[in-house]
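Colleague:
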Amino acid sequence: MNRLSKIIVALMLGSATVNVPAHAYSSSLNDDGIGAGFVWQDQYNDPLLMPKTIKPVGENVFIFSPKARQWAAYNGSGQLVGFGRANGGGSFCAELNEPCLTEGGKFRVFRKGDSTCVSKTFPLDKGGGAAMPYCMFFNNGSAIHGSPQLSLMNSSHGCVRVTTPSAEWLSNNFIKIGTRVLITSY
189 MNRLSKIIVA
199 LMLGSATVNV
209 PAHAYSSSLN
219 DDGIGAGFVW
229 QDQYNDPLLM
239 PKTIKPVGEN
249 VFIFSPKARQ
259 WAAYNGSGQL
269 VGFGRANGGG
279 SFCAELNEPC
289 LTEGGKFRVF
299 RKGDSTCVSK
309 TFPLDKGGGA
319 AMPYCMFFNN
329 GSAIHGSPQL
339 SLMNSSHGCV
349 RVTTPSAEWL
359 SNNFIKIGTR
369 VLITSY
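Per my numbering, the very first residue in the sequence shown carries number 189; after that it's consecutive.
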């Protein structure tokens, strides 16, 4: 089991303290017989950097790795059912004049919005209004949400940005109020 898998299992089981400083395509992951079948994958067609299976916990789990800049969705049986490119908070946000890393840990989605969801905070100079389609809030003002373009670096104000089609798929098919969210370390 690789380090990321061990961290994910530890976070899910609560058995360890971890220092946590488009259009879609279907992709078959049957090269080794694990995760055979189709899973949701965004249009970037990046290689899977997350585990294909995790320890089953009996409920859906969304995992974001800021280090890998990738999200993964696992069903209650621990099988990967979706993944794609993502980015989280940046190491420094100029407009805030401070770091804005996505907080790591275990959370649950407590509020969802639709395609018209917008930020009540950013951009600061306008008092909000930034598009956050299919927002799924999991930690105070931090949400998983769609973005029309994803940079290759963590550059949000703390949210988890995924492609807009991925956010739509997650919101409509996978994430409900109460869904488990795990954010791993940078």
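All C-beta atoms, glycine included, are put in the ideal place defined by N, C-alpha and C.
Thinking C-alpha only, which one of M238, R368 and C305 is nearest K255?
Modeller: Comparing Cα positions, the closest option is M238.
Colleague: Can you tell me the Cβ-Cβ gap for T241 and Q267, rounded? I've got them flagged as a contact below 8 Å.
Modeller: That belief holds up - the Cβ atoms of T241 and Q267 are roughly 6 Å apart, short of 8 Å.
Colleague: Please report the distance separating the alpha-carbon of G317 from that of A331.
Modeller: If I take the Cα positions, the gap works out to 15 Å.
Colleague: Let me make sure I understand the geometry here. Which of G264, L312, F326 and S354 has the alpha-carbon closest to that of G246?
Modeller: Among G264, L312, F326 and S354, the Cα nearest to that of G246 belongs to G264.
Colleague: Quick check: F362 and G276, are their CB atoms within less than 8 Å of each other?
Modeller: No, the Cβ-Cβ distance between F362 and G276 is not below 8 Å.
Colleague: In angstroms with no decimal places, state the Cα-to-Cα distance between S339 and L312.
Modeller: Going by the C-alpha atoms only, they are around 21 Å apart.
Colleague: From the DSSP secondary-structure annotation, give me the bridge partner or partners of M324.
Modeller: The partner list for M324 (beta bridge, DSSP) reads K300 and I332.
Colleague: Whole angstroms is fine: what's the gap from D302's alpha carbon to E291's?
Modeller: Cα-Cα distance, rounded: 24 Å.
Colleague: Tell me which residue opens and which closes the beta strand (DSSP E) that E274 is part of.
Modeller: At residue 274 the sequence reads Ala, which differs from the Glu that was named. Taken as a continuous stretch (DSSP letters only), the beta strand (DSSP E) holding A274 covers L268 to N275.
Colleague: Could you tell me which residues DSSP pairs with S344 in its beta bridges?
Modeller: DSSP lists G277 as partners of S344.
Colleague: Along the chain, where does the beta strand (DSSP E) that runs through S421 open and close?
Modeller: Coverage of the chain is limited to positions 189 through 374, which leaves residue 421 absent and any answer about it impossible.
Colleague: From A212 to V227, what does the alpha carbon distance come to, in whole angstroms?
Modeller: Its pLDDT being 40, under 50, A212 is placed unreliably in this model, and the value from its coordinates should be taken loosely. Between A212 and V227, the C-alpha separation is close to 10 Å.
Colleague: Checking 8 Å against the spacing of the C-beta atoms, do G272 and V350 come in under that value?
Modeller: Taking 8 Å as the Cβ cut-off, G272 and V350 qualify as a contacting pair.
Colleague: What does the Cβ neighbour count give for L284, buried or exposed, with the cut at 16 atoms within 10 Å?
Modeller: Counting Cβ neighbours within 10 Å, L284 comes out exposed, since fewer than 16 surround it.
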